[in-house]
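In my numbering, the protein residues as written are 4 to 406.
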Ligand SMILES: NC(=O)c1ccc[n+]([C@@H]2O[C@H](COP(=O)([O-])OP(=O)(O)OC[C@H]3O[C@@H](n4cnc5c(N)ncnc54)[C@H](OP(=O)(O)O)[C@@H]3O)[C@@H](O)[C@H]2O)c1
């Protein structure tokens, strides 16, 4: 019964992913006499946290009730007052928590504050792994002040993201492409390189309805099966209907001199180009149309020299803008420079049963000489998706916070 209510709180947290940054997505469920009386999810940054949303919905039903929260309640004054105060005031009797808040100013203090007030706090360690899976981006953001970055690629069985001519549409099935759109709805920013921008003119928005009824039905009705470790985030991503959808910030790394101002990325103002200052100045000198348009382009200039320094500078700037979770969507040179910079936290590769024979690699970084020096991924999961295979792993292992 406790597990079922905590699962419901975790599902709410997942539903809120992409809409709370740089706050963590959290879900709360209030149960009284065995019945759910209210639920709540974290609102956009600056508005109420999940606990307060659920408490205000439950009203007078809170006294003596149990609360299941997907993350330790906060105990400090941030943009909003402490959730622990609201829980105490409402008369909640027991609070179930699967994981401590990785934020050093909260970690353990939220639980201690509730316990001091006589509230019974139950740490559900058996569900910690699920909870932490959903707050990996927040954990990186709060501890290292940079976004959590996932590199996602569709690759042929022989490891190519495009043919030798650069053609890549489409490598994976429409089911896998729909999964990529579902992932876009969970991240705060999607990044592509200049060549992908020029070659593919991608829209980089969330268009689940464009995949048709059969694909929607598949995700609604099929329970994802994983080989190896069950990745809770991937499981939720690949199952059920997705309701709260938001379009991420569209980021292009590299400014083309012959930029097409009618490109899909620039369809509205929710986009950003990054380019090195010296290159912007040269392009403006050499391209008259760009010189005329430059003032109207959302452009962030960077004063670095190498691509990997640029990748680090981009991460820092995105964090400054409140981006907690970002996805690299190609191509290989962009992902390669982020890998070299040590900025990639998770890899999601969709492997499709096609052979290109030659072509572009998913990561065109500096590489290693010996396999012993290759990055060994942690917390690896494999999920068949129709005829494709979704393969994911992290740079770092999940870590349970203890007091
Ligand atoms: N299968 C998939 O999942 C998938 C997804 C997306 C794209 N693609 C395919 O990938 C191909 C493009 O990949 P690509 O590797 O050629 O290019 P890319 O990564 O899209 O763009 C790389 C270019 O961006 C510029 N750039 C500026 N700053 C950079 C930095 N810090 N790091 C890296 N690049 C930086 C560089 O241009 P300058 O050298 O001019 O400075 C560089 O050549 C296309 O064929 C596309 O269809 C496949």
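We put the CB at the ideal spot given by N, CA and C, even for glycine.
- Secondary structure note for residue 54: its alpha helix (DSSP H) is the uninterrupted segment 53-61.
- In this structure, 66 is the residue among 48, 227, 66 with its C-alpha nearest to the C-alpha of residue 36.
- Contact between the stretch 192-199 and the stretch 247-254 is established, with three or more Cβ pairs separated by less than 8 angstroms.
- Residue pairing for residue 300: DSSP places it in no beta bridge.
- Within the stretch 193-245, there are no complete beta strand (DSSP E) runs of at least 3 residues.
- In the three-state DSSP reduction, residue 248 falls in the coil class, being neither helix nor strand.
- Excluding five sequence positions before and after residue 135, the CB atoms of its chain that fall closer than 6 angstroms to its own CB belong to 102, 401, given in chain order.
- Ligand 1 approaches residue 314 closely enough that one of its heavy atoms is under 6 angstroms from the residue's Cβ.
- Residue 107 carries a coil assignment under DSSP once its states are collapsed to helix, strand and coil.
- A residue is called buried once 16 or more other Cβ atoms fall within 10 Å of its Cβ, and residue 4, having fewer, is exposed.
- For residue 156, there is no enclosing alpha helix (DSSP H); the residue is found in the beta strand (DSSP E) stretching over 151-159.
- By the rule of a C-beta closer than 6 angstroms to any heavy atom of ligand 1, the residues picked out are 156, 157, 164, 165, 169, 171, 174, 195, 196, 197, 198, 199, 202, 203, 256, 257, 310, 313, 314, 332, 333, 334, 335, 336, 337, 340, 363, 367.
- With contacts defined as CB atoms closer than 7 angstroms, residue 74 and residue 123 fail to qualify as a contacting pair.
- Check the Cα spacing between residue 31 and each of 264, 88, 22, 99: the tightest is with 99.
- The shortest CA-to-CA distance from residue 319 to any of 53, 12, 283, 148 is the one to 148.
- When DSSP reads this structure, residue 387 sits in a beta bridge with 392.
- Rounded to the nearest angstrom, the Cβ distance from residue 79 to residue 109 is 6 angstroms, consistent with a contact under 8 angstroms.
- Judged by beta-carbon spacing, residue 293 lies beyond the 7 angstroms limit of residue 276, meaning their Cβ atoms are not closer than that value.
- The three-state secondary structure of residue 38, taken from DSSP, is strand.
- Across the structure, residue 13 and residue 137 are spaced so that their CA atoms are roughly 8 angstroms apart.
- Where residue 98 is concerned, there is no enclosing alpha helix (DSSP H), although the beta strand (DSSP E) around it starts and stops at 97-100.
- Residue nearest to residue 107 within the set 83, 47, 142 is 142 (criterion: CA-CA distance).
- DSSP places residue 283 inside the alpha helix (DSSP H), whose first and last residues are 280-289.
- Distance between residue 250 and residue 306, taken at the CA atoms: about 29 angstroms.
- For residue 127, there is no enclosing beta strand (DSSP E), as DSSP marks it with neither H nor E.
- Per the Cβ contact rule, the stretch 154-161 is in contact with the stretch 353-362 (3 or more Cβ pairs under 8 angstroms).
- For the pair residue 152 and residue 314, the CB atoms are not nearer than the 7 angstroms cut-off.
- The shortest CA-to-CA distance from residue 198 to any of 262, 386, 299 is the one to 262.
- Around the beta carbon of residue 371, fewer than 16 other beta carbons lie within 10 angstroms, which makes this residue exposed.
- When secondary structure is reduced to three states using DSSP, residue 66 falls in the coil class, being assigned neither helix nor strand.
- Distance between residue 266 and residue 278, taken at the CA atoms: about 18 angstroms.
- In terms of Cβ geometry, residue 29 and residue 45 form a close pair [threshold 7 angstroms].
- In this structure, the straight-line span from the alpha carbon of residue 321 to that of residue 69 is close to 38 angstroms.
- Taking a 10 Å sphere around the C-beta of residue 72, we find 16 or more other C-beta atoms and assign the residue as buried.
- Take residue 286, set aside five residues on each side of it, and the residues of its chain with a beta-carbon closer than 7 angstroms to its own are 258, 260, 293, in chain order.
- Beyond the five residues adjoining it in sequence on each side, residue 211 comes within less than 6 angstroms, by CB distance, of 184 in the same chain, given in chain order.
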